[in-house]
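Below is one structure, written out as structure tokens; the observations come after it.
In the working numbering, the protein residues as written are 67 to 109.
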């Protein structure tokens, strides 16, 4: 996990910002997908 994403998640957890946690979680799962998976989603 990139450090910037980890920092943002920690900040969101500390603030109990559920919306931000959910958004960052989606970003992480999108980031982890293989390029072929991303291509399939974008179409």
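Note that beta-carbon positions come from the ideal geometry of N, C-alpha and C, so glycine has one too.
For residue 86 and residue 71, what's the separation of their Cα atoms in angstroms?
Counting from 1 along the chain shown, the entry for residue 86 is found at position 20. Counting from 1 along the chain shown, the entry for residue 71 is found at position 5. Between residue 86 and residue 71, the C-alpha separation is close to 11 Å.
Whole angstroms are fine: how far does the CA of residue 75 sit from the CA of residue 92?
Along the chain shown, read from residue 1 onward, the residue named residue 92 stands at position 26. Along the chain shown, read from residue 1 onward, the residue named residue 75 stands at position 9. If I take the Cα positions, the gap works out to 12 Å.
Please state the DSSP three-state secondary structure of residue 67.
Along the chain shown, one-based indexing puts residue 67 at 1. Coil at residue 67, not helix or strand.
In chain order, what residues of the same chain lie with their CB nearer than 6 Å to the CB of residue 80, ignoring the 5 residues before and after it?
Translated into positions along the chain shown, residue 80 becomes position 14. There are no such residues.
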